[in-house]
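Asks: Residue numbers (the working numbering): 890 to 1161.
No residue lacks a Cβ here, since even glycine has one placed at the ideal position from N, Cα and C.
Here you go:
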């Protein structure tokens, strides 16, 4: 819920008008769901020390989800390029991570997670070609930003810091500095690459803050979670404001909290 709030704060200016970009946003969120699922596998493997393995059924479902998402995305909005770039950043980030840890070419080239990210990137690129225009769709999406009419459209202008989006960006950068300074969660190269690409894109075209906001929330939530856990432990151990009974209840899953989250999520549909 905190992540949804952070993302909405950064991308609220993109929700003012009903536009085809909504379909791109839906596909982008599905892609982030895949990222989160694979991150969970990675974290479990690092926690247990056992390499993550998945069945061939799981791999087929993963590939099918990516493929169908990008077929849908490429046929509804030109922002499918953002998704392909984010997958490429994940692959490049994994390459950097393995290279930094092992400094061994053989281990880098044999890394299964790197293979998976490369395969998913290729699969997304192929799926985006399934549209009435074929390869021309990809070329047109790449060339679209050079349209001579776009400089007169406000959302395609360069980011200026007196804009509302400029204030949002500055606040997000401050939050990044605080989290990276105090969080004990490791900073992943893929997070840095994705944020860097989207920060550069937003500086060039203010409309890209819509994609930056989601990636920002995705990248920062592990650090927010780690700091909040330490903060709650400190409150419990130092102040005695939270009893042992309440502390145990806070750490358990609750159907009541799930229902509350669904209710808050429903407000978005009700208000729209």
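I'd like the list of long-range same chain contacts for residue 966, defined as Cβ closer than 7 Å, with 5 residues on each side in sequence excluded.
Replies: Residue mapping note: residue 966 aligns to position 77 of the chain shown, counting from 1. Here the set comprises 909, 910, 912, 913.
Asks: Name the residue from 996, 1070, 995, 1026 whose alpha carbon lies nearest to the alpha carbon of residue 960.
Replies: Residue mapping note: residue 960 aligns to position 71 of the chain shown, counting from 1. For residue 960, the nearest C-alpha among the options comes from 1026.
Asks: Measuring only the C-alpha atoms, how far is residue 1104 from residue 1143?
Replies: The count along the chain shown starts at 1 and reaches residue 1104 at position 215. The count along the chain shown starts at 1 and reaches residue 1143 at position 254. Rounded to the nearest angstrom, the two C-alpha atoms are 28 Å apart.
Asks: I need the straight-line Cα distance from residue 935 to residue 1042, nearest angstrom please.
Replies: Indexing the chain shown from 1 puts residue 935 at position 46. Indexing the chain shown from 1 puts residue 1042 at position 153. The alpha-carbon atoms of residue 935 and residue 1042 are separated by roughly 47 Å.
Asks: So residue 992 and residue 1006 are in contact, right, with Cβ under 8 Å, and what is the actual spacing, rounded?
Replies: As a working note, residue 992 is residue 103 in the chain shown. As a working note, residue 1006 is residue 117 in the chain shown. About 20 Å; that fails the 8 Å criterion.
Asks: On a Cα-Cα basis, can you pick out the residue from 1018, 1010, 1075 that is closest to residue 972?
Replies: Taking the chain shown and counting its residues from 1, one reaches residue 972 at position 83. Minimum Cα distance to residue 972 is reached at 1010.
Asks: Determine the direct distance from the alpha carbon of residue 1038 to that of residue 1070, and round the result to whole angstroms.
Replies: Counting from one through the chain shown, the residue named residue 1070 turns up at place 181. Counting from one through the chain shown, the residue named residue 1038 turns up at place 149. Spanning the two alpha carbons is a distance of roughly 43 Å.
Asks: Report the three-state DSSP secondary structure of residue 1076 (helix, strand or coil).
Replies: Position 187 of the chain shown, counted from the start, is the residue given in the question as residue 1076. Residue state, collapsed to three classes: coil.
Asks: Run through the stretch 919 to 972 for me and flag every whole alpha helix (DSSP H) of 4 or more residues, listed as ranges in chain order.
Replies: Qualifying alpha helix (DSSP H) stretches, in chain order: 945 to 963.
Asks: Mapping DSSP to helix, strand and coil, what is residue 1023?
Replies: Here residue 1023 refers to the residue found at position 134 when the chain shown is read from its first residue. Residue 1023 falls in the coil class under three-state DSSP.
Asks: Can you tell me whether DSSP reads residue 908 as helix, strand or coil?
Replies: Start at 1 with the first residue of the chain shown, and residue 908 comes out as number 19. Coil.
Asks: The alpha helix (DSSP H) spanning residue 1153 covers which residue range?
Replies: Reading the chain shown from its first residue, position 264 is the one you call residue 1153. Its alpha helix (DSSP H) spans residues 1144 to 1160.
Asks: Output the boundary residues of the alpha helix (DSSP H) element that contains residue 1056.
Replies: Within the chain shown, the letter at position 167 stands for residue 1056. Residues 1053 to 1071.
Asks: Pull up the distance between the alpha-carbon of residue 1091 and that of residue 1008, whole angstroms please.
Replies: Here residue 1091 refers to the residue found at position 202 when the chain shown is read from its first residue. Here residue 1008 refers to the residue found at position 119 when the chain shown is read from its first residue. Straight-line Cα distance between these residues: approximately 28 Å.
Asks: Mind the definition here: the stretch 997 to 1005 touches the stretch 1039 to 1058 only if three or more C-beta pairs lie below 8 Å; say whether that holds.
Replies: These segments do not touch.
Asks: Evaluate the contact criterion for the stretch 1012 to 1032 versus the stretch 1045 to 1052: three or more CB pairs, one atom per stretch, below 8 Å.
Replies: Counting Cβ pairs under 8 Å, fewer than three are found: no touch.
Asks: Taking DSSP as the reference, what is the three-state secondary structure of residue 998?
Replies: The sequence position of residue 998 within the chain shown is 109, counting from 1. In the structure shown, residue 998 sits in a helix (DSSP, three-state: H, G or I).
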